[in-house]
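The numbering used here numbers the first residue of the sequence shown as 30 and each following residue consecutively.
Ideal Cβ placement from N, Cα and C applies to all residues, glycine included.
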Amino acid sequence: MGRRIRDMKGIQEAAREVPVLAETDVLVVGSGPGGLAAALAASRENVRTMLVERHGCFGGNITQAMVESIGWYRHEGTVESQGIGIEFERRAKAMGASRREPQSLSEALDADMFKYVADKMVQESGIIPILHCYAVETVMDGQCIIGVITESKSGRQCILAKRVIDATGDGDIAARAGAPFRIDPKKKLQGLTVSFGCSGVDRGRFLEYVAKRSPRLGDWAKTSGKEDDLFSPYLDEPFEKAREAGEIPEHVLKGGFWSSLTDAGEATYMNMVYMRGKDPTSVWDLTAAEIEGRQQAMWALAALKKYTPGFENAKLRTFASSVGVRESRKIIADYILTGDDVQNEARFEDSVGIFPEFLDIFNLAIIPTTGRYFQIPYRLLVPLKVENLLMAGRCVAGDKISHAATRQMMCCTVTGQAAGVAAAVSVKKDVICRNVHVGDVQIALRGQGVRVE
């Protein structure tokens, strides 16, 4: 039976049987830092684990949006959770897939090489990978999620799972399963970024220019004071000059950041574009952001070539494969993390990881230089009204300020590893995720090298 138009507002699809593509114990949807960590953690607990990714590689923001550093906040005195996020850096460095990040004690991950690093980690762990596959709907048994419907070149199929982890970033699976969430009006959401890379940079001349300007964190951010004089790879002069000359619109390119530079003269990650007023859950807004972002990147490159020593002969090397998103849906869970929790070293009995006191939102930057950290409670990962679904990554429950910490890629690996372990323990103990004994989860996390208190 075909489809028929109904009032030009929609179509009525005929009922059909959806074939089962696979069955698994733990299904992770999305393979960004949170999802990749979740899948690795679950598989290491010896449960059958599948990882579904809509793109052609794993890594999410690292590989698709070219965000090189998952630990750019790290300085002497920073206390880390350890675990899989640190493993990403160490493994990448060992495989020649990273360079030193210029403003911190962290590694800048090579976006292309990390695709290969992620492949190897997935293969070694025994995860069952599925790329080029989009999860579009949930399969429910009452309030319990038992799988997802997928669309791919193989058609419409379903994957059945005992436990599902939503690592889509936008909380797509939770929203489709009926879990409550909030999302700010798009004018209040943090901006989207299209990153780009350059070749043909005179590394020596550019670094000499940077040394003369001595950019500081306090040049662009409001801080607690202790961070003001920290070095920041921040550029605004070329864009100010371009605006004064009428070469770029007034409302764009207020300033941006460079990251690692290769000996061959490649600036591999230029974070210069910041677009407000876009809803990352709208296909129209995402389309507009990709096109607008590439235009702004070309304006940025022209300004860099004209006004920045060392960039005179620079050429476009690459655009990010996907726009980078900072904020969209936030799931309503058993606990909502607050900004006060982040800034006052909150402690929880159900802690499943820690993260440094680090905030980065709307030109506010608090850098963890004094060893302060907060604990992450398991309840952040458990959405209301849906059973056997856990959250991982930036969509975990929190307010506007705490999101400035939990959206960070390293924190996403912390919540991801916690979700993966909890899902595996839930399967092995045969209890729903909401009722899993957190003590068992903590024991397993410590066994994987995670600091939980």
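Could you say which of the options lies nearest to residue i if we only look at CA atoms?
i, options, result
"residue 83", "165, 310, 209", "165"
"residue 432", "384, 467, 451", "384"
"residue 200", "167, 403, 127", "167"
"residue 100", "134, 146, 169", "134"
"residue 362", "481, 115, 418, 280", "418"
"residue 156", "141, 88, 120, 79", "79"
"residue 184", "202, 174, 162", "162"
"residue 422", "329, 114, 345, 263", "114"
"residue 121", "108, 98, 105, 106", "98"
"residue 488", "270, 451, 124", "Since the displayed the chain opens at 30 and closes at 482, residue 488 lies outside it and no answer follows."
"residue 439", "88, 349, 73, 429", "88"
"residue 85", "334, 430, 459, 181", "181"
"residue 9", "231, 300, 255, 334", "Because the chain is modelled from 30 through 482, residue 9 falls outside the range shown and cannot be assessed."
"residue 412", "300, 448, 170", "448"
"residue 150", "118, 171, 179, 172", "118"
"residue 255", "452, 104, 458, 322", "104"
Using the Cβ count rule (16 or more neighbours within 10 Å means buried), how would you classify residue i?
i, result
"residue 391", "exposed"
"residue 30", "With a pLDDT of only 41 at residue 30, under 50, the local geometry of the prediction cannot be trusted, and the value read off the model is given with reservation. With fewer than 16 other Cβ atoms within 10 Å, it is exposed."
"residue 397", "buried"
"residue 464", "exposed"
"residue 136", "buried"
"residue 66", "buried"
"residue 312", "exposed"
"residue 241", "exposed"
"residue 152", "exposed"
"residue 316", "exposed"
"residue 138", "buried"
"residue 25", "Only positions 30 to 482 of the chain appear in the structure, and residue 25 is not among them; the question remains open."
"residue 49", "exposed"
"residue 476", "exposed"
"residue 131", "buried"
"residue 191", "buried"
"residue 409", "buried"
"residue 46", "exposed"
"residue 274", "exposed"
"residue 322", "buried"
For residue i versus residue j, is the C-beta distance shorter than 7 Å?
i, j, result
"residue 59", "residue 222", "no"
"residue 443", "residue 110", "yes"
"residue 159", "residue 55", "no"
"residue 414", "residue 207", "yes"
"residue 70", "residue 446", "yes"
"residue 371", "residue 434", "yes"
"residue 319", "residue 219", "no"
"residue 343", "residue 233", "no"
"residue 244", "residue 261", "yes"
"residue 365", "residue 253", "no"
"residue 303", "residue 288", "no"
"residue 187", "residue 296", "no"
"residue 96", "residue 126", "no"
"residue 284", "residue 265", "yes"
"residue 77", "residue 107", "no"
"residue 332", "residue 268", "yes"
"residue 308", "residue 367", "no"
"residue 338", "residue 263", "no"
"residue 353", "residue 44", "no"
"residue 143", "residue 91", "yes"
Write down the C-beta distance between residue i and residue j rounded to the nearest angstrom, noting that I regard them as a contact closer than 8 Å.
i, j, result
"residue 437", "residue 377", "Contact flag wrong, Cβ pair sits at about 19 Å."
"residue 479", "residue 382", "6 Å"
"residue 441", "residue 62", "4 Å"
"residue 249", "residue 282", "13 Å between Cβ atoms; not a contact."
"residue 471", "residue 481", "5 Å"
"residue 193", "residue 174", "5 Å"
"residue 236", "residue 246", "Their Cβ separation, rounded to whole angstroms, is 18 Å, which puts residue 236 and residue 246 out of contact at 8 Å."
Please go through the same chain and pick out, in chain order, the residues whose beta-carbon is closer than 6 Å to the beta-carbon of residue i, but skip the five residues on each side of it.
i, result
"residue 467", "379, 407"
"residue 326", "223, 225, 302"
"residue 374", "401, 403"
"residue 57", "64, 67, 68, 80, 194, 196"
"residue 271", "277, 332"
"residue 461", "416, 417"
Spatial neighbours of residue i within its chain, please: CB distance less than 7 Å, with the 5 preceding and 5 following residues excluded, ordered by chain position.
i, result
"residue 347", "225, 226"
"residue 369", "none"
"residue 473", "74, 450, 454"
"residue 306", "215, 216"
"residue 205", "166, 167"
"residue 487", "Residue 487 lies beyond the range of the chain shown here (30 to 482); nothing can be said about it."
Looking only at its chain, what residues have a beta carbon closer than 8 Å to the beta carbon of residue i, apart from the 5 residues adjacent to it on each side?
i, result
"residue 189", "49, 51, 52, 53, 168, 175, 176"
"residue 251", "392, 393, 394"
Given 6 Å as the limit, tell me if residue i has its C-beta closer than that to any heavy atom belonging to the ligand PLP.
i, result
"residue 53", "Annotation note on the ligand PLP: not contained in the displayed structure, which lists no ligands."
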